[in-house]
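**Q** Residue numbers (the working numbering), protein chains in the order written: chain A, 4 to 102; chain B, 17 to 322.
Backbone N, C-alpha and C fix where the C-beta goes; we use that ideal spot for every residue, glycine too.
Small disclaimer: the values here were computed from a predicted structure and weren't measured.
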Amino acid sequence: KETFEGHQVFRIVPKDDVQLSLLKDLEDMFEFQLDFWKDVTGVGTPVDVRVPLDSLESFKSHLETRDVDYSIMIEDLQAVLDQEQEEMDSAARFAQPRN
Amino acid sequence: TDSYDYYNYHTISEIYRFQDMLVAENPNLVSKVVIGQSYEGRPLNVLKFSTGGTNRRAIWIDTGIHSREWVTQASGTWFAKKIVTDYGRDAALTAILDNMDIFLEIVTNPDGFYYSHTRNRMWRKTRKPNRGSSCIGVDPNRNWDAGFGGPGASSSPCSETYHGPSAHSESEVKSIVDFVKSHGNIKAFISIHAYSQMLMYPYGYTRTAVKDQAELHAVAQRAVSNLASLYGTRYRYGSIINVIYQASGGTIDWTYNQGIKYSYTFELRDTGRYGFVLPASQIVPTARETWLALMTLMDHTFKNPY
Chain A
4 KETFEGHQVF RIVPKDDVQL SLLKDLEDMF EFQLDFWKDV TGVGTPVDVR
54 VPLDSLESFK SHLETRDVDY SIMIEDLQAV LDQEQEEMDS AARFAQPRN
Chain B
17 TDSYDYYNYH TISEIYRFQD MLVAENPNLV SKVVIGQSYE GRPLNVLKFS
67 TGGTNRRAIW IDTGIHSREW VTQASGTWFA KKIVTDYGRD AALTAILDNM
117 DIFLEIVTNP DGFYYSHTRN RMWRKTRKPN RGSSCIGVDP NRNWDAGFGG
167 PGASSSPCSE TYHGPSAHSE SEVKSIVDFV KSHGNIKAFI SIHAYSQMLM
217 YPYGYTRTAV KDQAELHAVA QRAVSNLASL YGTRYRYGSI INVIYQASGG
267 TIDWTYNQGI KYSYTFELRD TGRYGFVLPA SQIVPTARET WLALMTLMDH
317 TFKNPY
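#1: Is K97(B) helix, strand or coil by DSSP?
#2: Check this for me: beta carbons of V123(B) and L284(B), under 8 Å apart or not?
#3: Mind reading off the beta-carbon distance from E8(A) to Q81(A)? Whole number of angstroms is fine, and I expect it under 8 Å.
#4: For Q22(A), name the three-state secondary structure that DSSP assigns.
#5: From F95(B) to A303(B), what distance separates their C-alpha atoms?
#6: For a contact defined as C-beta to C-beta under 7 Å, what are the partners of P49(A) on chain B?
#7: What are the boundary residues of the beta strand (DSSP E) that M138(B) is part of?
#8: List the whole-angstrom C-beta distance separating L60(B) from V46(B), where the pair is believed to meet the contact cut-off of C-beta under 8 Å.
#9: Mind listing, in chain order, the continuous beta strand (DSSP E) runs of no fewer than 3 residues lying wholly within the region 22–52 of chain A?
#10: Does any residue of chain A bring its CB to less than 8 Å from the CB of T134(B)?
#11: Taking one C-beta from the region 233–250 of chain B and one from the region 103–116 of chain B each time, how about it: are there three or more such pairs within less than 8 Å?
#12: Are the CB atoms of N136(B) and W173(B) within a distance shorter than 8 Å?
#13: Quick one: which chain B residues come within Cβ less than 7 Å of L84(A)?
#14: Which of helix, strand or coil does DSSP assign to Y280(B)?
#15: How is the alpha helix (DSSP H) around K319(B) delimited, first residue to last?
#16: My assumption, with CB atoms under 8 Å, is that Y178(B) sits in contact with I28(B). Please give the rounded CB distance.
#17: Please name the residue in T287(B), N24(B), Y20(B) whose C-alpha comes closest to that of F34(B).
#18: Taking all protein chains shown into account, decide if V193(B) is buried (16 or more other Cβ within 10 angstroms of its Cβ) or exposed.
#19: Identify whether T27(B) lies in helix, strand or coil by the three-state DSSP scheme.
#20: I believe Y290(B) touches A263(B) by the beta-carbon criterion, under 8 Å. Please report the beta-carbon distance rounded to the nearest angstrom.
#21: From P55(A) to D72(A), what does the alpha carbon distance come to, in whole angstroms?
#22: Locate the alpha helix (DSSP H) running through F164(B), then write down its first and last residues.
#23: With DSSP run on the structure shown, which of helix, strand or coil describes P43(B)?
#24: Enumerate in chain order the residues of its own chain whose CB-to-CB distance from S170(B) is below 6 Å, with the five nearest sequence positions on each side excluded.
#25: Mind listing which residues of the region 27–40 of chain A have their C-beta closer than 8 Å to chain B's C-betas, in chain order?
#26: Quick check on G68(B): buried or exposed, where buried means 16 or more other Cβ atoms within 10 Å of its Cβ?
#27: Got a sec? Which residues, its chain only, sit under 6 Å from S212(B) by beta carbon, not counting five neighbours each side?
#28: Please determine, among W270(B), Y217(B), G266(B), the residue with the shortest C-alpha to C-alpha distance to R252(B).
#29: Does Y55(B) have its Cβ less than 8 Å from a Cβ in chain A?
#30: List the residues of chain B whose Cβ lies closer than 9 Å to the Cβ of E5(A), in chain order.
#31: When you compare the CB of D18(B) with every CB in chain A, is at least one pair closer than 8 Å?
#32: Let me know the secondary structure DSSP gives I122(B) once reduced to three states.
#33: Using three-state DSSP, classify Y178(B) as helix, strand or coil.
#34: Return the first residue and the last residue of the beta strand (DSSP E) that T79(B) is part of.
#35: Is there a Cβ from chain A that is less than 8 Å from the Cβ of A239(B)?
#36: If you measure between the beta carbons of L26(A) and V46(A), is that distance less than 8 Å?
What follows is the structure, given as structure tokens:
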């Protein structure tokens, strides 16, 4: 089972056309193994992207050296997924058997 | 189905069981149509809500063509129950169902959905292997014969937006294509995705405006306004290419070109705090507000025959 320990989901809002084109280039770049949850659309429209643990530092520095602001939407994706799984498991445990 | 837990996410086998139970409980209203098989051999189940008649005008709704968008399959399940509960009680829905059929495909990409539960929660595409590549699957929302292979879709099998080797190459897509064509009387087609809160109409593959743009826009405006009336959730609306981006080979571009005027696609909650891992507590609020928009679209279709 593929897990996502330490993966983070970034939110990036491109400020201008330069940043927009930079993000568009990232969409086609395999180097960082990014998974775009919300694709690049236009200036001012948020882009959400999952970044694997191994790429975190290099990706952050890629953005920072190009003066692109970002925020972290999900700090540790696996933690959120574990919580989701836990909720599903506990729902199943408490499900009433049909009479 | 009264004891089904609508407030939690469910596996594909639980959803299949729910569908069978709903049919068993409502034999005069609901039936199950199997329109085909997925690549891995799972049935492509469509719930048909009908009060009789033959080949009535119909409304199509699908959820879960992108498997990781779990709130859509969960909402689809809630819609199914809502339809049987409201028929005979809600005047608008009753009038629709007395004259039209509703088809609802809750798990449009079952292989991907199963995989998202068992192997990779972030799986979006189908599960068919690609010849000459180690990457699996096709984006079933880039696989339709509407600007197929154009900008806004990838020719790389490793991309999340890989369009596939040819239009309708995916059985999950081809089965809908065949069903829509053979039915011939579908008047509204609503394809539901998540997330980012948008309601869109064609086109995605071209900047050319659809000839019904003014009407589709006005109806979308009404739908999102009704949706917002419940919890204040704000939606953007417009054509795909204007609201999101250029995307070729998309579902509702094909349906519109088939003559289905009321072709719409949703992106449900949220604005990005949780993305595809929207907490289960959000399922029912999402479904409830979406239902208001769905009713607006269905009611307009019913009252404006063409």
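**A** Considering the structure as presented:
#1: Position 81 of the second sequence, counting from 1, holds the residue named residue 97(B). In the structure shown, K97(B) sits in a helix (DSSP, three-state: H, G or I).
#2: Within the second sequence, the letter at position 107 stands for residue 123(B). Within the second sequence, the letter at position 268 stands for residue 284(B). Cβ atoms of V123(B) and L284(B): not closer than 8 Å.
#3: Taking the first residue of the first sequence as 1, we reach residue 8(A) at position 5. Taking the first residue of the first sequence as 1, we reach residue 81(A) at position 78. Rounded, the Cβ-Cβ distance is 5 Å, consistent with contact.
#4: Here residue 22(A) refers to the residue found at position 19 when the first sequence is read from its first residue. Here Q22(A) sits in helix by DSSP.
#5: By one-based count along the second sequence, residue 95(B) stands at place 79. By one-based count along the second sequence, residue 303(B) stands at place 287. The alpha-carbon atoms of F95(B) and A303(B) are separated by roughly 7 Å.
#6: What you label residue 49(A) is simply residue 46 of the first sequence in a count that begins at 1. Result: G288.
#7: Residue mapping note: residue 138(B) aligns to position 122 of the second sequence, counting from 1. Looking at the DSSP string, M138(B) is not in any beta strand (DSSP E), and its letter there is neither H nor E.
#8: Start at 1 with the first residue of the second sequence, and residue 60(B) comes out as number 44. Start at 1 with the first residue of the second sequence, and residue 46(B) comes out as number 30. So it is not a contact: roughly 17 Å between Cβ atoms.
#9: 38–41
#10: For this step, residue 134(B) is matched to residue 118 along the second sequence. Yes - at least one Cβ of chain A is within 8 Å of the one on T134(B).
#11: no
#12: By one-based count along the second sequence, residue 173(B) stands at place 157. By one-based count along the second sequence, residue 136(B) stands at place 120. For clarity, residue 173(B) is Pro in the given sequence; the question names Trp instead. Result no, Cβ atoms of P173(B) and N136(B) do not sit closer than 8 Å.
#13: On the first sequence, position 81 is the one that residue 84(A) refers to. Chain B residues near L84(A): R137, V293.
#14: On the second sequence, position 264 is the one that residue 280(B) refers to. Looking at Y280(B) - three-state DSSP - the assignment turns out to be strand.
#15: Against the second sequence, residue 319(B) aligns to sequence position 303. First-last of the alpha helix (DSSP H) with K319(B): 299–319.
#16: Walking along the second sequence from the start, residue 178(B) turns up at place 162. Walking along the second sequence from the start, residue 28(B) turns up at place 12. Y178(B) to I28(B), Cβ: 23 Å. No contact.
#17: By 1-based counting over the second sequence, the position of residue 34(B) is 18. Considering only alpha carbons, the answer is Y20(B).
#18: Here residue 193(B) refers to the residue found at position 177 of the second sequence. Classification of V193(B): buried, given that the 10 Å Cβ count is 16 or more.
#19: For the purposes of this step, residue 27(B) is identified with residue 11 of the second sequence, where counting begins at 1. DSSP places T27(B) in coil when its eight states are reduced to three.
#20: To locate residue 290(B), count along the second sequence from 1; it is residue 274. To locate residue 263(B), count along the second sequence from 1; it is residue 247. The pair is not a contact, with the Cβ atoms about 23 Å apart (cut-off 8 Å).
#21: Taking the first sequence and counting its residues from 1, the one referred to as residue 55(A) is at position 52. Taking the first sequence and counting its residues from 1, the one referred to as residue 72(A) is at position 69. So the two alpha carbons sit approximately 19 Å from each other.
#22: Locating residue 164(B) in the second sequence gives position 148, where the first residue counts as 1. No alpha helix (DSSP H) holds F164(B); DSSP gives it neither H nor E.
#23: Residue mapping note: residue 43(B) aligns to position 27 of the second sequence, counting from 1. If DSSP states are grouped into helix, strand and coil, P43(B) belongs with coil.
#24: For the purposes of this step, residue 170(B) is taken as the residue at position 154 of the second sequence. Cβ within range, chain order: T177, Y178.
#25: F33, D38, F39, W40
#26: Locating residue 68(B) in the second sequence gives position 52, where the first residue counts as 1. G68(B) is exposed by the Cβ-count criterion.
#27: Taking the second sequence and counting its residues from 1, one reaches residue 212(B) at position 196. Result list for S212(B): E283, in chain order.
#28: Taking the first residue of the second sequence as 1, we reach residue 252(B) at position 236. Among W270(B), Y217(B), G266(B), the Cα nearest to that of R252(B) belongs to Y217(B).
#29: Here residue 55(B) corresponds to residue number 39 of the second sequence, with the count starting at 1. Answer no: the Cβ-Cβ gap between Y55(B) and chain A never drops below 8 Å.
#30: In the first sequence, the residue the question calls residue 5(A) occupies position 2. Going along chain B in sequence order, the residues near E5(A) (Cβ under 9 Å) are R135, N136, R137, M138, W139.
#31: Numbered from its first residue, the second sequence carries residue 18(B) at position 2. It does not: the Cβ of D18(B) has no partner Cβ on chain A nearer than 8 Å.
#32: The sequence position of residue 122(B) within the second sequence is 106, counting from 1. Residue state, collapsed to three classes: coil.
#33: Your numbering for residue 178(B) matches position 162 in the second sequence. Strand, per DSSP.
#34: Along the second sequence, read from residue 1 onward, the residue named residue 79(B) stands at position 63. 74–79 is the span of the beta strand (DSSP E), which, as asked, contains T79(B).
#35: Walking along the second sequence from the start, residue 239(B) turns up at place 223. False, the Cβ-Cβ gap to chain A never drops below 8 Å.
#36: Position 23 of the first sequence holds residue 26(A). Position 43 of the first sequence holds residue 46(A). Going by C-beta atoms, L26(A) is not nearer than 8 Å to V46(A).
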